[in-house]
Amino acid sequence: MAILKFDDSLWPLAVTVAQGSCDLQMHKQSLENWNTWFAHKKPFCVLRVYLDEPSLVHPKGAGPITQQWLAEGAAENMQELVQAMLIVVPPSEHERMSKMSVQKAFGIDGAILASIEQAIDWLAAKNLLPDSINTNTLDALITKQCSSE
Numbered sequence: 082m083a084i085l086k087f088d089d090s091l092w093p094l095a096v097t098v099a100q101g102s103c104d105l106q107m108h109k110q111s112l113e114n115w116n117t118w119f120a121h122k123k124p125f126c127v128l129r130v131y132l133d134e135p136s137l138v139h140p141k142g143a144g145p146i147t148q149q150w151l152a153e154g155a156a157e158n159m160q161e162l163v164q165a166m167l168i169v170v171p172p173s174e175h176e177r178m179s180k181m182s183v184q185k186a187f188g189i190d191g192a193i194l195a196s197i198e199q200a201i202d203w204l205a206a207k208n209l210l211p212d213s214i215n216t217n218t219l220d221a222l223i224t225k226q227c228s229s230e
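Residue 82 is where the sequence shown starts when you use the working numbering, and the numbers rise one by one after that.
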C-alpha cells in the first residue's frame, strides 16, 4: 500500500512521508499540498522522507504536470518562501541520489541525506531548526503518518 502524507504540525517545518509507489492522483495531491503551504505566505523548510525505493519513483505523467505547476507560479513561490528542502532517502539509495542537487533542481538551498539525524544536523547548522523539533519528534511524526490510514 502506498503512503504519501503531508504534515505541517511542526510549522515552519513541513514534512512529507512517502512509502510505496504513488499514483498520479497522489502526485497531484502533493502539488496541491505545496500550494496550501505557499498560501501561508511565510518562510518554511520542507523535509521530504522517502522510506523505500518504490517511493522514489515518480508516476507516469508526473513530469509534465509538475513542470506546468512550476511554470504557473510554484517555482517563484518556492524560491521566495522555501528556506530549504531536505530529502531523506533510504540509505541503500543515498549514494545514487546524492549526485542530484536540490539547488539545481529547485533553485533553493537543500540536501539529499540518508537519515533524519542528518536532516536535524543540517537544519541546526543553518539555524533553521525550531527549538521544539528533534529526532524523536520527527521519528514519532513519521511513525504516526505511516500508521494513520
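The beta carbon of each residue, even a glycine, is placed where N, CA and C say it ideally should be.
Could you compute how far the alpha carbon of residue i sits from the alpha carbon of residue j?
i	j	result
L38	E174	Nothing about residue 38 can be read from this structure; the chain reaches only from 82 to 230.
W203	Q149	31 Å
T97	S111	9 Å
S90	W118	12 Å
N158	A120	9 Å
According to the neighbour-count rule (16 or more other Cβ atoms, all chains shown, within 10 Å of its Cβ), is residue i buried or exposed?
i	result
K122	exposed
V169	buried
S136	buried
K86	buried
Figure out for me which residue from the options has the closest Cα to the Cα of residue i.
i	options	result
T147	D89, G191, L105	L105
Can you list, in chain order, the residues of its chain with a C-beta nearer than 7 Å to that of residue i? Leave out the 5 residues immediately preceding and following it.
i	result
C227	I84, V98, Q100
Leaving out five residues before and five after residue i in sequence, what residues of the same chain have Cβ atoms less than 8 Å from its Cβ?
i	result
V163	P124, F125, C126, V127, F187, I189
Check your understanding: Pairing CB atoms from the segment 82 to 99 with CB atoms from the segment 124 to 131, are three or more of them under 8 Å?
Key -> Verdict: yes, contact present.
**Study point:** Stretch pair the segment 186 to 197 + the segment 155 to 171: three plus CB contacts closer than 8 Å
**Key:** When C-beta atoms of the segment 186 to 197 are compared with those of the segment 155 to 171, three or more pairs fall below 8 Å, so the two segments count as touching.
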